[in-house]
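Numbering (this note's numbering), first residue to last: 164 to 455. Ideal Cβ positions, reconstructed from N, Cα and C, are used throughout, including at glycine. Model, not experiment: these values are computed from the prediction. Structure first, commentary second.
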Amino acid sequence: MLDANFPLPTKPLHQSRECAQALDLVAADTTTLADGTLVVRRTLAKMPVAMLPRAQIPQNFLKDSIKAAGLQRTVLAITPDHPAPWLANLGAVAVMSPVHVATLDLMGDMRARMHQKWRNRLRFAERQNLRITRQNLPSKPNNWLLLQDQRQQGARGYSAWSEALTLAYAKANRGSAKLFTAFDGKTPVAAMLFLRHGDSATYHVGHATDEGRACSAHNLLLWEGMNWLASKGVTSLELGQVNTDRTPGLARFKLGAGATLRPLGGTWIWWPPLGRTLSPLKLLDRKLMRAS
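See the structure below:
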C-alpha cells in the first residue's frame, strides 16, 4: 500500500506511458519494474545511477522489484510521488525534503473554485481582445514558446526538460502536447504548453511578455486550457511545484486558480548492498520526509 493519505493521480507525467514513449524516442536508457514503475538509468560522476522519478512505490514490493530488474547493486535515486518515510527502513538516505505540487480539479464548476481576485484578472483578460490559438506543438525547435523558455532558463540558471525531450513527447504522442498562444494582433504575448497523459495533464512550460503580463494573458490561457482539457475527458491538471518563499507570485497564481496542494516524497538515495549502514547519517531529519 502507498504510505500517503492523499489522492494520487492515475499516473504522474514522469511515470506515464506517454513519457516512456518520448524517452524511447530520444534513446534514453530505461527499464520498468514489475509494478510498472519507470526507471531511467544514467551515469553521474562516472557512476551508474537508476532514477525512479515521481514513483508511486508499493512499500511491500520495492526490494523484490529492484532485485528482479537487476538493479540490486545499483545506486538508486528515488523521488516518490507521495510521502514515503518507510524508505529509511530499507537503508535509503533522505537528501532533499518534500515539496508540494498544485493540482486543479477539472470536474464540476472550475470557475467557482477560483479566488475572487483571480476571477477578476480573468474577466479583465477576456476584455483585452486577445486572439487565442490552440495547436499541436510544432515539430521544429524554433517555435516562439520554446525559444523564450530556453532564454529564461539560461538567464535564471535552472534547467528543466530538454527541448529534445519535449519535442519527442509531441512526436511520440500525437495531439497530447497542446500549445495555447495569446496574440495581440499578430504579435505573440503569452503561451502555455500542456502535456496530456491518460486522464490527467501537466502544465509543462509557459512564458509571457511584459505586455502579456499587463493584460493577464496567462489567466486567460490557463482558463482556455482547463476548458479544452476537460472537454477531452481530462479530470486533473498538475501545475507543478509551489514555493511560497522563492516564487510567491507564481504560488498565488496557481492557488488562485483553484488548485489544491499535496506533498511529494522528497529525494532519497539508496544503495541496496549497504543495507541500513547509512541510516544513522540522517542527512535530513526523518520527520521532514513526512507530509506536513
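Practice task
Give the range of the alpha helix (DSSP H) segment to which serine 228 is assigned.
Solution key: 225-231
Exercise for the section: State buried or exposed for proline 243, treating a residue as buried only when at least 16 other CB atoms are found within 10 Å of its CB. Expected result: buried
Practice task
Report yes if the C-beta distance between alanine 183 and threonine 200 is below 8 Å; otherwise report no.
Solution key: no
Practice task
With DSSP as the reference, label glycine 317 as helix, strand or coil.
Solution key: helix
Problem - Same chain, Cβ closer than 7 Å to lysine 280, five either side skipped, listed in chain order - result: Gly419
Exercise for the section: Please work out which residues of its chain come closer than 6 Å, Cβ to Cβ, to methionine 273, disregarding the five sequence neighbours upstream and downstream, and give them in chain order. Expected result: Met389
Exercise for the section: Count the other CB atoms, across all protein chains shown, that sit within 10 Å of the CB of valine 202; report buried if there are 16 or more and exposed otherwise. Expected result: buried
Problem - Inter-stretch contact at 8 Å, needing at least 3 Cβ pairs: the segment 380-388 / the segment 235-250 - result: no
Practice task
Can you grab the Cα-Cα spacing for the pair threonine 193 / serine 339, in whole Å?
Solution key: 21 Å
Exercise for the section: In angstroms with no decimal places, state the Cα-to-Cα distance between aspartate 166 and isoleucine 220. Expected result: In this prediction, aspartate 166 has a pLDDT of 39, which is less than 50 and means its spatial position is unreliable; nothing more can be read from the coordinates.
Exercise for the section: Can you tell me which of the three DSSP states proline 211 falls into? Expected result: strand
Handout entry: Collapsed DSSP secondary structure at serine 394 in the structure displayed
Key = helix
Practice task
Please state if the CB of histidine 370 and the CB of aspartate 408 are separated by a distance shorter than 8 Å.
Solution key: no
Problem - Three-state class that DSSP yields for proline 435 in the structure shown - result: helix
Problem - Limits of the unbroken beta strand (DSSP E) element including threonine 365 - result: 363-371
Exercise for the section: Quick one: residues in its chain with C-beta nearer than 8 Å to the C-beta of leucine 446, no 5 flanking neighbours on either side, listed in chain order? Expected result: The predicted model places leucine 446 with a pLDDT of 49, which falls under 50 and marks its position as unreliable; any figure quoted below should be read in that light. Same-chain partners within the cutoff: Val256, Ala257 and Val258.
Handout entry: Sequence-distant residues of its chain with Cβ nearer than 6 Å to alanine 393 (five each side left out)
Key = Leu269
Exercise for the section: Tell me histidine 360's beta-bridge partners as DSSP assigns them. Expected result: Ser363
Handout entry: Where threonine 200 falls: helix, strand or coil (DSSP)
Key = coil
Exercise for the section: Could you name the residues that DSSP lists as bridge partners for glycine 403? Expected result: Ala265
Exercise for the section: Check whether the Cβ atoms of leucine 308 and leucine 356 lie closer than 8 Å to each other. Expected result: yes
Problem - Outcome for glutamate 289 when other beta-carbon atoms lying within 10 angstroms are tallied against a minimum of 16 - result: exposed
Exercise for the section: Using three-state DSSP, classify leucine 308 as helix, strand or coil. Expected result: helix
Handout entry: Proximity of serine 179 and histidine 360 at Cβ, strictly below 8 Å
Key = yes
Problem - Boundaries of the alpha helix (DSSP H) in which glutamine 279 is found, first to last residue - result: 279-289
Handout entry: lysine 174 burial status per 10 Å Cβ neighbour count (16 or more: buried)
Key = buried
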